[in-house]
Amino acid sequence: MEKETGTQQVKAGLAQMLKGGVIMDVVNAEQAKIAEDAGATSVMALERVPSDIRKDGGVARMSSVATIREIMETVTIPVMAKVRIGHFAEAQILQALGVDYIDESEVLTPADESFHVDKFAFDVPFVCGARNLGEALRRIGEGACMIRTKGEAGSGNIVEAVRHMRTVVDDMKRLTTLGPEQLMTACRDLGAPYELVRMVADAGKLPVPNFAAGGIATPADASLMMQLGAEAVFVGSGIFKSTDPAARAKAIVEATTHYMDPDILVRVSEQLGDAMPGIEMGTLEDGQLLQTRGW
Amino acid sequence: MSVRVGALALQGDFDAHLRVMAELGAQTSAIRKPEQLRQIDALVIPGGESTTLIKLMDAYDFWEPLREFTTRGRVFGTCAGLILVASEVINPAQRSLGLLDVTVERNSYGRQRESFESAGQFIDRNSDESKTREIPMVFIRAPRIQRLGEGVRALATHGEDTVMARSDHVLVATFHPELSHDPFVHQYFLSMVDEPL
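Residue numbers (my numbering), protein chains in the order written: chain A, 50 to 344; chain B, 761 to 957.
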């Protein structure tokens with residue numbers, strides 16, 4: 050009776066179980082409990098939510114071990130945590146700690162400007178952000194078992210997540226129309242591994258689950274991303290920077306399940322208090338964009 | 761007429777189950793509201809997060825309709841689906857449908873790091889000829905069946921553990937047959953639909 054841990058099947062398997070659900074950013078155990086009680090499928094531990102990272106500046110790092118451990122002891126749902134792009138030592142610590150999923154995230158200050166983490170070296174699965182198909186396939190090529198749009202974290206503005214999801218979906222559709230002789234050129238243009246390009250051309254979808262993140266603040270935002278092809282959603286600042294986090298969290302959970310049912314969306318969108326304040330993209334300078342971190 | 765199989769589509773990997781069922785010739789549908797249960801003969805409750813599924817079942821009053829469905833239809837619960845249909849859940853205790861008399865321990869093998877692939881033995885002692893077969897098994901933060909009640913019989917084992925079991929109406933597995941490329945367990949469930957009630 051041989052047991053194999055950390056296979057791609059086992060790593061992508063947990064992402065399959067998270068489909069149709071909401072993964073919520075939390076900075077402490079108390080928030081994690083609120084998220085679990087509202088129906089989150091998983092919580093993402095980080096030291097500050099993206100809107101605070103944006104506001105306060107400084108270097109954003111992996112959450113403290115004590116905080117992550119406390120969150121793991123508080124909830125029974127899977128616990129994810131973020132590491133800086135390329136910071137494989139932070140990832141080694143999270144794996145040793147027993148975190149269930151690692152997000153190699155542009156929201157934290159990058160540790161390496163050239164290289165991402167070799168994710169095949171870990172038994173714990175990784176999720177990575179992407180703005181287009183090439184970026185998604187490069188991360189999968191490094192071993193990521195779940196892809197999410199980058200969007201623009203901490204902005205409360207859905208426009209970038211929409212752009213990224215539409216771009217990935219359009220890029221995939223285009224690949225399915227190509228003949229075999231065109232795939233290597235597509236591969237060069239995308240900057241992506243040939244085998245993965247061929248898989249997407251055959252299947253019309255990514256070989257791992259494709260989730261949405263970055264700017265989701267309302268039940269309607271969650272529905273929009275699901276209708277555009279997301280298989281689940283991440284909500285960062287959108288919950289705990291709103292005026293009634295528990296109610297909003299629950300509403301976004303229901304909206305993600307019933308994303309095609311406008312009557313339910315009406316019901317869950319009532320009496321939610323105020324959403325987090327949003328940022329118009331035009332007011333952000335290039336240096337303030339989180340999505341351009343990583344390649 | 762082909763069997764009408766639904767999957768509870770509140771959260772989890774329901775699409776993977778429906779894909780296997782469709783390949784086996786079933787007529788498939790995603791069940792998001794209790795009234796849709798009237799249109800199916802058999803229901804898969806998929807893997808996902810049981811705590812999330814409970815909240816979503818509360819929001820749309822799924823509890824009684826699911827219990828009622830089990831008196832006339834067949835139910836297959838995998839992983840979180842097993843946790844929902846069990847009569848008793850531990851680690852920690854939580855509400856469940858009580859459709860099958862088993863005690864289930866959540867996250868019994870540990871965290872994701874301890875999730876694994878393996879193979880186990882299917883043995884049906886009640887069938888005409890005693891069938892034995894190896895089946896691939898993917899365990900994701902899997903639960904463990906700690907007690908089998910009366911009228912529940914083990915169908916597959918992995919080491920010391922019973923990983924698949926059934927009563928007359930309800931089939932459960934602690935692993936994820938929908939993630940392996942072997943339709944045997946889904947075929948077995950479809951064969952249950954043809955058994956007289």
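Even for Gly, the Cβ is constructed at its ideal location relative to N, Cα and C.
Could you tell me the distance, in whole angstroms, from the CA atom of residue i to the CA atom of residue j?
i	j	result
S878(B)	D310(A)	40 Å
M93(A)	K299(A)	16 Å
A776(B)	L143(A)	30 Å
M275(A)	V284(A)	13 Å
K793(B)	M817(B)	9 Å
I221(A)	G807(B)	Per the sequence shown, the amino acid found at residue 221(A) is Met instead of Ile. Cα to Cα, M221(A) sits roughly 28 Å from G807(B).
F949(B)	E894(B)	17 Å
A271(A)	L321(A)	15 Å
A853(B)	H946(B)	29 Å
A109(A)	D219(A)	33 Å
D152(A)	G343(A)	13 Å
E865(B)	P127(A)	16 Å
R28(A)	L182(A)	With chain A covering 50 to 344 only, the question about residue 28(A) has no answer from this structure.
L813(B)	P99(A)	28 Å
E334(A)	I328(A)	12 Å
T292(A)	E96(A)	20 Å
A84(A)	P258(A)	22 Å
T54(A)	T332(A)	47 Å
I72(A)	R885(B)	43 Å
K199(A)	Q881(B)	43 Å
V898(B)	R873(B)	13 Å
Q796(B)	S810(B)	21 Å
C177(A)	G107(A)	22 Å
H165(A)	D149(A)	19 Å
P896(B)	K82(A)	35 Å
A262(A)	P956(B)	48 Å
D167(A)	R133(A)	13 Å
V156(A)	F829(B)	46 Å
I843(B)	L227(A)	45 Å
Consult DSSP for residue i and reduce its assignment to one of helix, strand or coil.
i	result
F175(A)	strand
F836(B)	strand
I905(B)	strand
L333(A)	coil
R212(A)	helix
H918(B)	strand
R827(B)	helix
K52(A)	coil
P896(B)	strand
S291(A)	coil
K199(A)	coil
K891(B)	strand
Q881(B)	strand
M73(A)	strand
D161(A)	coil
R247(A)	helix
T305(A)	helix
G135(A)	coil
G766(B)	strand
A61(A)	helix
Y150(A)	strand
M129(A)	strand
M275(A)	helix
A262(A)	coil
Which word fits residue i, buried or exposed, when buried means at least 16 other C-beta atoms lie within 10 angstroms of its C-beta?
i	result
A1026(B)	Residue numbering for chain B in the displayed model covers 761 to 957; residue 1026(B) lies beyond these limits and cannot be assessed.
K104(A)	exposed
K131(A)	buried
A115(A)	exposed
S927(B)	buried
D801(B)	buried
F859(B)	The amino acid at residue 859(B) is misidentified as Phe; the sequence shows Leu. With 16 or more Cβ atoms within 10 Å of its Cβ, L859(B) is classed as buried.
K891(B)	exposed
D821(B)	exposed
H826(B)	It is worth fixing the name first, because residue 826(B) is Leu in this sequence and not His. So L826(B) counts as buried.
M233(A)	exposed
A145(A)	exposed
Return the Cβ separation of residue i and residue j in integer angstroms, given the expectation that the two are a contact with Cβ distance under 8 Å.
i	j	result
L803(B)	L857(B)	Not confirmed; about 11 Å, so no contact.
G264(A)	S204(A)	5 Å
F137(A)	M195(A)	Incorrect: roughly 18 Å between the Cβ atoms, too far for contact.
G147(A)	R871(B)	5 Å
R901(B)	L63(A)	7 Å
K815(B)	G88(A)	4 Å
H936(B)	T838(B)	6 Å
Give the residues of chain C in contact with residue i, contact being defined as C-beta atoms less than 8 Å apart.
i	result
V898(B)	This model lacks chain C altogether; the protein chains it does include are A and B.
Cβ contact check for the region 289-308 of chain A and the region 231-244 of chain A: 3 or more pairs under 8 Å:
Contact between the region 289-308 of chain A and the region 231-244 of chain A is absent, because fewer than three Cβ pairs lie under 8 Å.
Three or more C-beta pairs below 8 Å linking the region 329-342 of chain A and the region 194-210 of chain A
Touching, per the Cβ criterion.
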